[in-house]
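Numbering (the numbering used here), first residue to last: 2 to 113. We put the beta carbon where it would ideally sit given N, CA and C, even for glycine. The model shown is predicted, which means the values in this text are computed figures rather than measured ones. Heads up: the structure comes next, in structure tokens.
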Amino acid sequence: MARHLVADLYGCTDMIDDPEAIKEAAHKAIDFVGAEIVEECIHEFEPIGVTYFAVITTSHFSVHTWPEYGYAAIDVFSCSDTVTEGITDKLKELFKATQIKTQIIERNISSL
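Pasting the structure below:
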């Protein structure tokens, strides 16, 4: 039915505290998976940190950053199985991470 990719990115550069850089990277990742943005929101926290959220044509894409730890949490939820294929390396590249750990959660509708 749907897949939810949960990605933890470590060793990210200072770009994860720049809302415009995050928005640009998110747009490239969303384009990479063949989806389009329906609506998006970005918030810069004080003193540091950014949250980005996009409703995409296949579901949603989100980024939450902790620059003081070089850490970014990214979720890609999609009703298309192809959206999460191959995205891991792209996210690592776009967010300039040295390490990435991922989990894929399969979401299914079943009769009870």
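**OP:** Would you check if the segment 17 to 28 and the segment 40 to 49 touch, i.e. whether three or more CB-CB distances between them fall below 8 Å?
**Re:** yes
Subject >> Three-state class that DSSP yields for E21 in the structure shown >> reply: Sequence index remark: in the sequence shown, residue 21 carries index 20 (1-based). Residue state, collapsed to three classes: helix.
Original post:
Based on Cα-Cα distance, which residue from S81, T59, A74 and D18 lies nearest to Q104?
Top reply: One-based indexing of the sequence shown puts residue 104 at position 103. Looking at the Cα atoms, A74 is the closest of the given residues.
**OP:** Please say whether Y70 and K24 have beta carbons closer to each other than 9 Å?
**Re:** As a first step, residue 24 is located in the sequence shown; it is residue number 23 there, counting from the start. As a first step, residue 70 is located in the sequence shown; it is residue number 69 there, counting from the start. Contact: no.
Original post:
From F46 to F62, what does the alpha carbon distance come to, in whole angstroms?
Top reply: Here residue 46 is taken as the residue at index 45 of the sequence shown, counted from 1. Here residue 62 is taken as the residue at index 61 of the sequence shown, counted from 1. For F46 and F62, the distance between alpha carbons rounds to 19 Å.
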